[in-house]
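If you use our numbering, the sequence shown corresponds to residues 6 to 312, in order. Virtual Cβ for every residue (Gly too), placed ideally from N, Cα, C. What you are looking at is a predicted structure, and each value in this text was computed from that prediction instead of being measured. The structure appears below as structure tokens.
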Amino acid sequence: MSSKSSKSGEVLDKRDLSWYVDRLAQALMFVGGISAIIFIVGIFVFVFKEGFAFILDRFDIVEFFTSINWRPTSVAKETYGALALIVGTASITGMAMLIAIPFSLGAAIYIGEFATGKTRETLKVMVELLAAIPSVVWGFIGLTIMNGVIIELFNVPIGLNVLNAGVILGLMAAPIMTTIAEDALKAVPDKYREAAEAMGATKWQVIRKVVLPAAKNGLVSAVLLGIGRGFGETMAVLMASGHSINIPGSPFDSVRALTATIAAELGETAVGSNHYGALFTLGIFLFLITFVINLTADRVVRGIRRS
Numbered sequence: 006m007s008s009k010s011s012k013s014g015e016v017l018d019k020r021d022l023s024w025y026v027d028r029l030a031q032a033l034m035f036v037g038g039i040s041a042i043i044f045i046v047g048i049f050v051f052v053f054k055e056g057f058a059f060i061l062d063r064f065d066i067v068e069f070f071t072s073i074n075w076r077p078t079s080v081a082k083e084t085y086g087a088l089a090l091i092v093g094t095a096s097i098t099g100m101a102m103l104i105a106i107p108f109s110l111g112a113a114i115y116i117g118e119f120a121t122g123k124t125r126e127t128l129k130v131m132v133e134l135l136a137a138i139p140s141v142v143w144g145f146i147g148l149t150i151m152n153g154v155i156i157e158l159f160n161v162p163i164g165l166n167v168l169n170a171g172v173i174l175g176l177m178a179a180p181i182m183t184t185i186a187e188d189a190l191k192a193v194p195d196k197y198r199e200a201a202e203a204m205g206a207t208k209w210q211v212i213r214k215v216v217l218p219a220a221k222n223g224l225v226s227a228v229l230l231g232i233g234r235g236f237g238e239t240m241a242v243l244m245a246s247g248h249s250i251n252i253p254g255s256p257f258d259s260v261r262a263l264t265a266t267i268a269a270e271l272g273e274t275a276v277g278s279n280h281y282g283a284l285f286t287l288g289i290f291l292f293l294i295t296f297v298i299n300l301t302a303d304r305v306v307r308g309i310r311r312s
């Protein structure tokens with residue numbers, strides 16, 4: 006009897022131990038699942054707290070969105086017009102998307118639908134290696150290589166401009182967009198392709214009329230993620246754009262981005278000053294832009310799923 010009771014006790018102990026392990030694993034998964042939300046809320050609270058005093062006391066919404074005069078350290082009169090910074094960021098991101106979207110979708114289609122065996126694996130590794138290059142290295146390429154190439158090709162006085170920053174940013178965003186787009190194409194069931202081929206469709210017809218429409222959710226997400234990456238990039242844009250407060254009239258004009266302004270000025274700004282609060286207000290604005298982009302992506306994908 007004693008041996009039987011001891012064995013049953015060991016079984017109960019093992020069951021209790023597995024129960025505690027299961028509960029611990031559930032708790033860890035829960036914390037990991039909500040950690041992103043906690044971090045995002047924490048970042049927003051910190052940024053908003055630092056810029057709240059400036060928004061209440063000094064913020065002028067008309068000046069902020071309509072003036073190009075960003076002079077936060079002016080002795081005569083401090084001005085905080087962010088229009089040129091907003092347009093500069095949008096122009097760089099737009100140029101980057103003109104380059105990244107065709108390149109990314111084309112690369113994803115080739116890797117997912119045409120390449121096979123070692124060719125596909127090699128291309129996927131190369132795309133991932135591009136994504137691993139630090140942004141400061143991309144900025145250095147724009148500053149030292151692309152600058153001279155643009156001057157030589159287009160006969161312009163300076164090569165640090167919208168085109169330079171757009172090319173660099175497009176190459177930075179392309180690997181992530183390519184990976185997501187390729188995953189979206191791979192998720193399309195093979196029976197769709199087989200059915201289209203059985204009806205006599207060519208390879209390109211299958212891709213254009215079957216695969217791409219079926220994968221449009223993931224493709225839209227890839228594009229919007231690239232746009233978000235463009236708005237949030239800092240170091241490469243700072244080094245390749247020329248960092249000049251200007252409303253661009255052509256791709257060869259130098260501009261200044263919102264992120265580059267924060268990175269360049271925050272380290273030399275007195276904590277608690279109007280200039281300090283204005284930079285955090287730019288951060289709040291960038292946060293809201295990112296939120297709108299993500300919300301738009303969610304709404305677009307939801308709308309596509311319903312249709």
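At the C-beta level, Leu128 and Ile116 come within 7 angstroms of one another. For Phe145, the closest C-alpha among the options Ile45, Glu270, Ala241 and Leu134 is that of Ala241.
The continuous alpha helix (DSSP H) containing Gly223 extends over residues Lys221 to Gly237. Taken atom to atom, the span from the alpha-carbon of Ala203 to that of Ala189 is near 23 angstroms. Selection Ile294, Thr264, Ile298 and Pro194 evaluated against Ala227 yields Ile298 as nearest (Cα-Cα). Sequence-distant partners of Ile212 (beyond 5 residues in either direction) whose C-beta falls short of 7 angstroms from its own C-beta, in its chain, are Ile114 and Glu118. For the pair of segments examined, the region 244-254 was found to touch the region 93-104: the number of CB pairs separated by less than 8 angstroms reaches three. Judged by DSSP secondary structure, Asn152 falls within the alpha helix (DSSP H) whose first and last residues are Asn152 to Phe159. When rounded, the separation of the alpha-carbon atoms in Ile232 and Leu33 is 33 angstroms. Within the DSSP bridge table, the entry for Trp143 names no partner. In this structure, Ala101 lies near Leu174, with their beta-carbon atoms less than 7 angstroms apart. According to the DSSP assignment, Leu135 belongs to the alpha helix (DSSP H) that extends over Gly122 to Ala137.
Here Phe236 is buried. Its C-beta has 16 or more other C-beta atoms within 10 Å.
About 6 angstroms separates the beta carbon of Ile252 from that of Ala89, a gap short enough to meet the 8 angstroms contact definition. Counting the other CB atoms within 10 Å of its CB gives Thr286 a total of 16 or more, which places it among the buried residues. For the pair of segments examined, the region 51-67 was found to touch the region 274-288: the number of CB pairs separated by less than 8 angstroms reaches three.
Excluding the 5 residues flanking it on each side, Lys214 has same chain C-beta neighbours closer than 8 angstroms at Ala201 and Ala206, in chain order.
Of the candidates Phe53, Ala186 and Ala137, the residue whose Cα lies closest to the Cα of Lys221 is Ala186. The three-state secondary structure of Thr84, taken from DSSP, is strand. Under the three-state reduction of DSSP, Arg63 is assigned to coil, being neither helix nor strand. By the criterion of a C-beta distance shorter than 7 angstroms, Gly147 is surrounded in its chain by Asn169, Ala170, Ile173, Ala241, Met244 and Ala245, once the five residues flanking it on both sides are discounted. Judged by DSSP in its simplified three-state form, Arg261 adopts coil rather than helix or strand. Taking the C-beta atoms as reference points, Ala265 is found no nearer than 7 angstroms to Ala178.
Under a 10 Å Cβ-count criterion, Pro194 is classified as exposed, with fewer than 16 other Cβ atoms of the shown protein chains found around its own Cβ.
Between Asp258 and Asn152, the C-beta gap is not smaller than 7 angstroms, which leaves the two residues out of contact. Residue pairing from DSSP places Arg76 in a beta bridge opposite Thr84.
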